[in-house]
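Engineer: Okay, here's the structure, questions in a sec.
Shown next, in the form of structure tokens:
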């Protein structure tokens with residue numbers, strides 16, 4: 003009987019080391035670069051700013067009237083259509099109606 007051939011010894015493939023990706027550089031977070039609020043000098047300067055501020059309000063005329071009053075006294079209108087009142091300082095945030103509710107939108 004012929005000798006049975008032994009199967010050739012097969013080495014298992016050498017495992018490759020895991021590929022480590024270098025961490026992707028994270029760009030520094032920059033604050034939003036919106037256009038700075040234009041300086042308010044007269045009541046006429048307030049009207050377009052308040053129109054933008056009150057454009058989504060359910061009662062635009064009521065909002066605009068209060069906004070123009072606050073803008074005229076405080077020389078500031080906060081950015082956006084809601085919130086951000088702290089950007090205009092205490093004059094804007096502390097003004098109240100006769101009913102002791104916040105006056106400025």
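Residue numbers (the numbering used here): 3 to 107.
Ideal Cβ placement from N, Cα and C applies to all residues, glycine included.
This one's a predicted model, so the numbers in the text were calculated from it and none came from an experiment.
Skipping 5 residues on each side, what residues in its chain have a beta carbon closer than 7 angstroms to that of residue 49?
Structural biologist: Counting only Cβ-Cβ distances below 7 angstroms, and skipping sequence neighbours, we find 70.
Engineer: For the structure I just gave you, are there three or more beta carbon pairs, one from the region 44-63 and one from the region 76-86, closer than 8 angstroms?
Structural biologist: Short answer: they touch.
Engineer: Enumerate in chain order the residues of its own chain whose CB-to-CB distance from residue 59 is below 6 angstroms, with the five nearest sequence positions on each side excluded.
Structural biologist: Once the five neighbours on either side are set aside, the close Cβ partners of residue 59 are 65.
Engineer: Run through DSSP, which three-state label would residue 104 get?
Structural biologist: Three-state DSSP puts residue 104 in a strand.
Engineer: Helix, strand or coil for residue 71, going by three-state DSSP, please let me know.
Structural biologist: It is helical.
Engineer: Rounded to whole angstroms, what is the Cα-Cα separation between residue 102 and residue 89?
Structural biologist: In a straight line, the C-alpha of residue 102 is about 21 angstroms away from that of residue 89.
Engineer: Would you please state the rounded distance, in angstroms, between the beta carbons of residue 106 and residue 68? I believe it to be under 8 angstroms.
Structural biologist: That belief holds up - the Cβ atoms of residue 106 and residue 68 are roughly 6 angstroms apart, short of 8 angstroms.
Engineer: Out of 99, 63, 72, 62, which has the shortest C-alpha to C-alpha gap to residue 42?
Structural biologist: Of the candidates 99, 63, 72, 62, the one whose C-alpha sits nearest the C-alpha of residue 42 is 72.
Engineer: Given a cut-off of 9 angstroms on the beta-carbon distance, is the pair residue 97 and residue 61 in contact?
Structural biologist: Not a contact, by the Cβ cut-off of 9 angstroms.
Engineer: Please identify the residue among 91, 104, 79 whose C-alpha is closest to the C-alpha of residue 51.
Structural biologist: Cα-wise, what sits closest to residue 51 is 79.
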